[in-house]
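Residue numbers (the working numbering): 189 to 757.
Below: one structure, written as structure tokens.
Now the structure itself:
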């Protein structure tokens, strides 16, 4: 059953003489200081044209003229109604700006301040053993959201939202404000259900990752996996008030503290936990983590998950929200998969322009013994059976690339749009192949644009990268730990057609002046710029940019020049 969205709630509030867009507190939060429909075009909300404003205003009028809430719900959800140009413009505008306005965070803060955040309620009820793991289904938002509406309204809208001579929010505003808070509550409930349903899986992953520290060679990946898994299990145990599991997770944390102290981490005395003694990691194994860079990364991960930094003050730190913020109007799927989770592989491939299910720059087959860059005879049709397998992308990789493109490219010019995303998949799910697929997608799009050929559907819908509708032809830079350079190099050759790109490695042994010089591999490459891929290690990252800045930029630089721009001479 559909429910009102925050976009519809804001229409309801707008009927009160243009509220809240005329109120200073809301203007400060949104940055929109001249109302939604100013007469002067220069005062229009960011990204809007006069045509957009007229369409949205017409949509507001059509929405408010409907006599019942049910009809308004249907109209907003496009059920049984003709298409209205202002509907998508308004809903897209609210969705695009919701996180930036910080509405969800304010709702979460108010729920926590009053002790009625779902995580707090679950933990409290579990500790009383009254609900026996059914707390989430037995309490509803109707009991708790009304408790925060007055303080929430003041924070979002200011005193203009209050009834005259009262500390209470106007009733018309209260009803719509509840819709806004309800959406945040639903997001939190969704996460809570997932966490509760996976508690056994979370426990097993923590135990397995912890036990793996004693088996075989100790690696950065093993320690990182153990830190993350134990942190997640401890978090879940605390939420469900499972004292036995909390104690066991604390014992694991104590062992991890011993490992981290041996690597150089500083654990404040008051935060030290007695180790369980169940996992003894030898000094020899610890010394195998010889890379100073790896050790530094591990310490950073440990501090991030357990807040153990010696630089912390002694005041109690705020508890991070156990349920990370989701995108507005998310009704399912993982974070970032709000659109993709309902799409089939063929549909995803079609929208990305992968007619065969693969980017045109990809190999069709893979071979156990090597890559076509090494020996193309392995990939002949009469190659020995069983050694050759068809190249294919998993659904989650296609969906991931579609999500990346959807996140970076926009339907209108957006100068402040971040041109990047964080891919947070678990270890082993193929993030490297996913990143290379995105590189191949960009290369295909650049080629299509250059030859004035039809673009993939997703770029027809979302043609802008920042403010540009043309993707620049520039080299791809891959930054990774030194231990992963060979993995990236091999994976690129497994996936990409032989000689379709130049793969260049820039590490601590590279002569910078030669590498970036006029006779070096970057400038002398016969490939177009976008078909040059540079793999650089983290350790040379500062030197890379400093060298280019000092040695390879002309003395007079334009205002928009960047140190990583490839020299023209």
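Every residue gets a Cβ at the ideal spot worked out from N, C-alpha and C, and that includes glycine.
Bear in mind the structure is a predicted one, so any value in this text is a computation, not a measurement.
- Cβ-Cβ distances below 6 Å link residue 634 to 659, 661, 718 in the same chain, with the five nearest sequence neighbours on each side left out; the list follows chain order.
- Counting the other CB atoms within 10 Å of its CB gives residue 309 a total of 16 or more, which places it among the buried residues.
- In this structure, 581 is the residue among 527, 605, 581, 576 with its C-alpha nearest to the C-alpha of residue 537.
- The segment 326-343 makes contact with the segment 363-373; the number of CB pairs closer than 8 Å reaches 3 or more.
- A straight line joining the alpha-carbon of residue 391 with that of residue 332 spans about 31 Å.
- For residue 539, same chain residues with a beta-carbon under 7 Å away, outside a window of 5 residues either side, are 590, 644, 645, 646 in chain order.
- Under the 8 Å Cβ criterion, the segment 547-558 counts as touching the segment 611-628, having at least three qualifying pairs.
- Burial check for residue 216: the Cβ neighbour count within 10 Å stays below 16, so the residue is exposed.
- Under DSSP, the beta-bridge partners assigned to residue 576 are 555.
- Only residues of its own chain outside the window of five on either side were considered, and among them 620, 666, 668, 723 have a CB closer than 7 Å to the CB of residue 676, listed in chain order.
- Assignment of residue 277 by DSSP, reduced to helix, strand and coil, places it in the helix class.
- Under the 8 Å Cβ criterion, the segment 368-383 does not count as touching the segment 400-411, having fewer than three qualifying pairs.
- In the three-state reduction of the DSSP assignment, residue 687 falls in the coil class, being assigned neither a helical nor a strand state.
- Taking C-beta separations shorter than 7 Å and ignoring five residues to either side along the sequence, the partners of residue 198 in its chain run 282, following chain order.
- Around the Cβ of residue 641, a 10 Å sphere holds fewer than 16 other Cβ atoms; the residue is exposed.
- Remark: C-beta atoms of residue 596 and residue 588 do not approach each other more closely than 8 Å.
- The distance from the Cβ of residue 265 to that of residue 240 is about 21 Å, inconsistent with a contact at the 8 Å cut-off.
- Taking residue 212 as the centre and dropping the five residues before and after it, the same chain places the C-beta of 346 closer than 7 Å to its C-beta, in chain order.
- Setting aside the 5 residues that flank it on each side, residue 448 is surrounded in the same chain by 490, each with a C-beta closer than 6 Å to its C-beta; the list follows chain order.
- Looking only at 348, 285, 715, 274, the smallest Cα-Cα distance to residue 201 is reached by 348.
- For residue 461, no alpha helix (DSSP H) encloses it, and the DSSP letter there is neither H nor E.
- Beta-carbon to beta-carbon, residue 306 and residue 375 are separated by about 10 Å, too far to satisfy the 8 Å threshold.
- Residue 586 places its beta carbon 8 Å or farther from that of residue 555.
- Under the DSSP definition of a beta bridge, residue 598 partners with 652.
- For the alpha helix (DSSP H) assignment, the uninterrupted runs of no fewer than 4 residues enclosed by the segment 387-423 are, from N- to C-terminal side, 387-399.
- Note on residue 614: under 16 other CB atoms within 10 angstroms of its CB, so exposed under the neighbour-count rule.
- Looking at the DSSP output, residue 357 shares a beta bridge with 350.
- Residue 195 sits in a helix when the DSSP states are folded into three classes.
- Looking from the CA of residue 416, the closest CA among 654, 233, 395 belongs to 395.
- Judged by DSSP in its simplified three-state form, residue 243 adopts helix.
- In this structure residue 356 is exposed. Its beta-carbon is surrounded by fewer than 16 other beta-carbon atoms within 10 angstroms.
- Under DSSP, the beta-bridge partners assigned to residue 725 are 668.
- For residue 437, the enclosing alpha helix (DSSP H) covers residues 431-451.
- Per the coordinates, the alpha-carbon of residue 358 lies some 9 Å from the alpha-carbon of residue 341.
- Inclusion of residue 692 and residue 720 in the CB contact set at 8 Å is warranted, their separation being smaller than that value.
- Its chain contains 274 as the residues whose beta carbon lies nearer than 7 Å to that of residue 246, once the 5 sequence neighbours on both sides are disregarded; these appear in chain order.
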